[in-house]
Structure formats: C-alpha cells, structure tokens
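Engineer: First residue of the sequence shown? That's 1 in full-length UniProt numbering, and the numbers climb one at a time after it. Using N, Cα and C, we set each Cβ at its ideal position, and we do this for glycine too. Since we're looking at a predicted model, the values are computed, not measured. Supplied in structure tokens, the structure appears directly below.
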Amino acid sequence: MKRRLIYFLAFGFASEVLYLLYKRFRRKKNYSGFKTEVLFFPDKNVACKEFFTATLGCEKVTCGFSHDTSSLSRLYQNLSNAKESIDVCVYVFTSSHLASVLIDSNNKGVHVRLITDSEQCEQEESQIWRLRSEGVQVRHDESSFFMHHKFVIIDNKRLINGSFNWTRQAVIGNQENLIITEEPHVVQAFMQEFTSLWEKFNPQKRKKLTFQS
C-alpha cells in the first residue's frame with residue numbers, strides 16, 4: 001500500500017514537471033525570447049539614422065542629430081534589422097529619415113511594401129513619391145474616408161503598432177506611443193489586415209471595376 005502511494009505521488013510529480021516544461025517550451029517557441037517593448041514620444045531630439053543603422057555608424061565630424069538611444073533610434077533599429085520583409089501601413093508619411101531606412105532596406109533586397117491614405121500622398125513633404133521612385137511598392141485607398149492605420153510588420157513575425165504617424169512632429173512634438181511585439185496571434189491579425197488592404201487597394205483591380213462599369 002505504501003509503495004503504491006509512493007508510485008502515485010512520483011507519477012503525479014513527474015506529470016507536473018513535464019507539464020511545466022511543456023509550457024516553458026511552448027512559450028519560448030511562440031515568443032522566441034523576444035520581450036515586448038513600449039516606446040513613447042516625443043523624443044528630445046531627432047536620432048541620427050546613420051549612427052544607428054549604418055555599418056560604420058555616423059562618419060560626420062559634426063552631426064546635427066542625436067547619437068543617444070531614443071524611441072526613434074529603436075524604431076530605426078527594428079526596421080533596419082529586417083531580413084526578408086517590411087510591410088508598412090501608415091496614414092501620414094513625411095519623415096525623410098524613416099523613408100531613407102525603408103529605401104536602404106529595399107536596396108538590400110528586403111521586400112518593402114507601403115499602404116497609405118490617398119490624400120496624404122499629395123501633402124507637402126510627403127515621402128510617397130520618393131519611395132515609389134526608389135522602387136518601393138506603394139498602394140493607397142480611393143475613398144473620402146481615412147486609411148488611418150499606423151502599424152508595421154517586420155519579417156512576418158514582429159509588429160510595431162500605435163498612434164505614431166511617420167512625421168517629424170510625431171517624433172519631437174506630439175505625445176505618441178508604439179508597442180513592439182512578437183505575440184503570434186496579434187501579429188497574425190495585423191498580417192491579415194495588411195493583406196486584405198493590399199488586395200483591396202490593388203490598382204489593377206480598380207481598373208477592371210472601372211472598365212466593367
């Protein structure tokens with residue numbers, strides 16, 4: 001009787017240990033060790049793109065931009081570390097520094113796509129036409145309503161989402177936020193939204209609809 005009780009307790013203990021190990025393995029598999037990060041703006045100064053993204057860093061003797069870690073520098077680094085793809089969905093895009101990060105990534109062979117609002121394409125300082133001229137794929141809505149999202153998906157596994165438009169004012173003026181996560185079901189939901197909008201704003205599809213009508 002005592003031996004049977006010992007076996008029962010040992011089996012129960014082993015089962016509990018295995019369950020805890022399984023949970024730990026599953027958590028590691030899902031998150032790949034990535035810790036969710038939260039960024040708040042405004043920054044005190046605009047971060048130097050070259051210092052945080054270029055192989056040799058900033059080579060200027062006198063640089064007018066900040067070399068201190070900031071929310072913008074963390075955004076630079078997340079974007080420039082992309083290996084395969086960057087999908088951007090943003091309402092206003094006037095930051096030449098962030099545009100340069102996307103162009104650099106595109107030139108390195110990273111597949112860069114951008115969805116934006118049609119009215120913002122024509123705004124002063126808009127970076128949309130510059131991005132297009134550099135080979136970045138861009139699509140936009142054709143509606144009087146706003147395409148008001150502000151999110152990025154990196155390598156189909158990392159999401160950056162928040163209130164942040166890609167503008168100088170958002171960097172050093174506004175109260176803004178971004179959250180960076182690799183939580184699988186959240187990333188997947190935003191991937192589905194991006195894919196849906198990318199297809200919806202396909203210019204070839206709009207041409208067909210116009211021709212048929």
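Return the CA-CA distance between residue 135 and residue 65, expressed in angstroms with no decimal places.
Structural biologist: Counted from its first residue, the sequence shown places residue 135 at position 135. Counted from its first residue, the sequence shown places residue 65 at position 65. Distance between the alpha carbons of residue 135 and residue 65: 27 Å.
Engineer: With DSSP run on the structure shown, which of helix, strand or coil describes residue 177?
Structural biologist: Residue 177 sits at position 177 when you count from the first residue of the sequence shown. Strand, per DSSP.
Engineer: Would residue 118 and residue 94 be called neighbours here (beta carbons separated by less than 8 Å)?
Structural biologist: Your numbering for residue 118 matches position 118 in the sequence shown. Your numbering for residue 94 matches position 94 in the sequence shown. The answer is no: Cβ separation not under 8 Å.
Engineer: Between the Cα of residue 139 and the Cα atoms of 72, 92 and 113, which residue gives the shortest distance?
Structural biologist: Along the sequence shown, read from residue 1 onward, the residue named residue 139 stands at position 139. Considering only alpha carbons, the answer is 113.
Engineer: My guess is that residue 177 and residue 196 are in contact by the Cβ rule of under 8 Å, so how many angstroms apart are they, rounded?
Structural biologist: In the sequence shown, residue 177 corresponds to position 177, counting from 1. In the sequence shown, residue 196 corresponds to position 196, counting from 1. About 25 Å; that fails the 8 Å criterion.
Engineer: Kindly indicate which residue of 56, 137 and 37 has the alpha-carbon position closest to the one of residue 74.
Structural biologist: Translated into the one-based positions of the sequence shown, residue 74 becomes position 74. When each option's Cα is compared against that of residue 74, the closest is 37.
Engineer: The beta strand (DSSP E) that contains residue 159, what's its start and end?
Structural biologist: In the sequence shown, counting from the first residue as 1, residue 159 sits at position 159. Residues 158 to 162.
Engineer: Along the chain, where does the beta strand (DSSP E) that runs through residue 37 open and close?
Structural biologist: In the sequence shown, counting from the first residue as 1, residue 37 sits at position 37. Note, residue 37: beta strand (DSSP E), 37 to 41.
Engineer: Can you tell me which of the three DSSP states residue 198 falls into?
Structural biologist: Walking along the sequence shown from the start, residue 198 turns up at place 198. The answer is helix: DSSP assigns residue 198 an H, G or I state.
Engineer: Could you tell me if residue 70 is buried or exposed, where buried requires 16 or more neighbouring beta carbons within 10 angstroms of its beta carbon?
Structural biologist: Indexing the sequence shown from 1 puts residue 70 at position 70. Buried, by the Cβ-count rule.
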